[in-house]
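K.L.:
The numbers in this note's numbering rise by one with no breaks, and the one at position 1 of the sequence shown is 331.
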Amino acid sequence: MKKILKYIGIVLLILLPFAVLFVPIGNNIILDKYTNKLKHVKLNADYEVLAKDSECGKLVGNGNGMQYFSALLIHSKEPLKWENKHEEGIFLVAVNNDSFNDFIEGYDFGSSCNNIKKKLEKINNTENHYVMYSFYNADLDSIWNDDLRAH
């Protein structure tokens with residue numbers, strides 16, 4: 331009986347760290363998936379990605395729940411067109427637009443866009459520069475909400 335308890339204890343000591351690390355690693359993989367999805371969005375013209383920022387955790391609002399935010403600073407030789415639809419979760423904001431200032435200075439996502447802010451400081455002409463971003467929530471009853479960053 332003591333041998334069985336000893337083996338159970340050893341198995342638990344081995345499995346417990348994996349169980350604790352599984353959820354945060356899984357959330358990082360999901361965040362990378364959303365960021366890659368953003369990089370492959372088809373727009374009316376070709377574009378290049380100049381900078382990217384992404385973050386997961388409880389980013390806005392109260393309570394608990396995992397949220398995923400990805401943003402890309404992109405440049406195109408011609409103006410880009412995209413109709414922002416909340417159900418798709420992907421948005422496009424022109425850099426030289428007032429809505430960009432609201433986006434970057436606002437409490438919601440501006441603090442998550444440090445790489446984009448640094449890159450924009452080095453750019454003189456922001457014509458045809460855009461920030462494409464996405465924001466998703468994990469399902470409320472999902473295991474991904476067990477990440478400490480979601481609280």
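No residue lacks a Cβ here, since even glycine has one placed at the ideal position from N, Cα and C.
Are the CB atoms of D469 and P354 nearer to each other than 8 Å?
P.N.:
What you label residue 469 is simply residue 139 of the sequence shown in a count that begins at 1. What you label residue 354 is simply residue 24 of the sequence shown in a count that begins at 1. Their beta carbons are not under 8 Å apart, which means D469 does not touch P354 by this criterion.
K.L.:
If we count Cβ pairs, one from each stretch, closer than 8 Å, do we get three or more for the stretch 350-370 versus the stretch 428-435?
P.N.:
Touching, no, given that fewer than three Cβ pairs across the two stretches are closer than 8 Å.
K.L.:
Skipping 5 residues on each side, what residues in its chain have a beta carbon closer than 7 Å to that of G419?
P.N.:
As a working mapping, residue 419 is identified with position 89 in the sequence shown. Excluding sequence neighbours, G419 sits near S464, F465 and Y466.
K.L.:
Leaving aside the five residues before and after S406 along the sequence, list all residues of the same chain whose C-beta is less than 7 Å from its C-beta, in chain order.
P.N.:
Counting from one through the sequence shown, the residue named residue 406 turns up at place 76. Only A375, D376, Y377 and N458 meet the Cβ criterion.
K.L.:
In three-state DSSP terms, what is N454?
P.N.:
Walking along the sequence shown from the start, residue 454 turns up at place 124. Three-state result, N454: coil.
K.L.:
When you compare the CB positions of A401 and K449, do they come within less than 8 Å of one another, or not?
P.N.:
Numbered from its first residue, the sequence shown carries residue 401 at position 71. Numbered from its first residue, the sequence shown carries residue 449 at position 119. Not a contact, by the Cβ cut-off of 8 Å.
K.L.:
Suppose only complete runs of 3+ residues qualify. What are the beta strand (DSSP E) ranges in the stretch 390-426, listed by chain order?
P.N.:
Fully enclosed beta strand (DSSP E) runs of 3 or longer: 397-405 and 420-424.
K.L.:
Tell me the rounded alpha-carbon separation between K369 and L422.
P.N.:
Reading the sequence shown from its first residue, position 39 is the one you call residue 369. Reading the sequence shown from its first residue, position 92 is the one you call residue 422. Computed Cα separation, rounded: 12 Å.
K.L.:
Among S384, P409, L403 and I404, which residue has its Cα nearest to the Cα of Q397?
P.N.:
Mapped onto the sequence shown, residue 397 falls at position 67. Nearest option by C-alpha distance: S384.
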